[in-house]
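Notes to accompany the following structure.
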Amino acid sequence: MSAETLSAEGDTRSFLGAIIRNPYQLGAIAPSSKAVARLAASVVPDTKGAVVVELGAGGGVISDAIRDRLPQGGRQLAVELNGDMVRHLRRSRPWLEVVAGDAGDLSQLLRRAGVARADAVISSLPWTLFHGDQQKHVLDEVSTVLAPGGTFSTVITLTVVPFRRFWRFRELLDRTFATVDTAGTVWLNVPPALVFSASTPLGTQGDG
Ligand SMILES: C[S@@+](CC[C@H](N)C(=O)[O-])C[C@H]1O[C@@H](n2cnc3c(N)ncnc32)[C@H](O)[C@@H]1O
1 MSAETLSAEG
11 DTRSFLGAII
21 RNPYQLGAIA
31 PSSKAVARLA
41 ASVVPDTKGA
51 VVVELGAGGG
61 VISDAIRDRL
71 PQGGRQLAVE
81 LNGDMVRHLR
91 RSRPWLEVVA
101 GDAGDLSQLL
111 RRAGVARADA
121 VISSLPWTLF
131 HGDQQKHVLD
141 EVSTVLAPGG
151 TFSTVITLTV
161 VPFRRFWRFR
171 ELLDRTFATV
181 DTAGTVWLNV
191 PPALVFSAST
201 PLGTQGDG
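Quick note: the sequence shown uses UniProt numbering, first residue 1, plus one each step.
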């Protein structure tokens, strides 16, 4: 068995273990597929020295896709709340700057890491487990740290589309960014997933 297969198995085992221990924090039934990871990471810019921040790195599949695209001299940080996943990422990916913490504290966490702005922010956070104020707060943090011309991408599984919290999140994307697009739908994922990409933050808006 190849080293890559063994490491993918380790990622999945660690991730499933964390889901069993803390399903409401993980918000998934399986890690993202490589196809989803590649689509989410397609917003990584090709500029030398780019800074890319991932939110909710989990088992690390999207971290790997970001690394594959990141130009030389770039900086890659992964913000993760779950302690088991933080340990797993640090053990399995010594090249990754793992920031243990809540995406809701993003600007403060990045400031502490010496990062002023991110050229891309890539999320697979469980948005529909967040209440409306929390969704808005995290999106405001993303728009605060995004560099001019930067892009935000986020993975959403199709299973959440019937729920009000998804539509609340979708509306907040439109209220937070001037441009919001569907980057694509990936059927080869459990469950199938959408990736949204957004750019040009509109500035902090009232909640009205
Ligand atoms: C749906 S999983 C995605 C994991 C992985 N990136 C993937 O695509 O397979 C969501 C991840 O976000 C993390 N998470 C949940 N709430 C978070 C928060 N407020 N801040 C940072 N990470 C969070 C979870 O611990 C979990 O690892």
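Beta carbons: idealized from backbone N, C-alpha and C, even for Gly.
Item, Value
"Residue burial classification, Leu-77 (beta-carbon count within 10 angstroms, cutoff 16)", "buried"
"Option nearest Gly-58 by Cα separation, candidates Gln-134, Thr-151, Ser-32", "Ser-32"
"Enclosing alpha helix (DSSP H) for Val-161 [first to last residue]", "Taken as a continuous stretch (DSSP letters only), Val-161 belongs to no alpha helix (DSSP H), as it is neither H nor E."
"Check whether Leu-125 and Tyr-24 have beta carbons under 8 Å apart", "no"
"Residues that DSSP places opposite Ser-153 in a beta bridge", "Ile-122, Ser-197"
"Limits of the unbroken beta strand (DSSP E) element including Thr-179", "177-186"
"Same chain, Cβ closer than 6 Å to His-137, neighbours up to 5 away in sequence not counted", "Gly-104"
"Unbroken alpha helix (DSSP H) run spanning Ala-50, endpoints", "No alpha helix (DSSP H) holds Ala-50; DSSP gives it neither H nor E."
"Per DSSP, the bridge partner or partners of Glu-97", "Leu-77"
"Between the CA atoms of Ala-178 and Met-85 - distance to the nearest angstrom", "33 Å"
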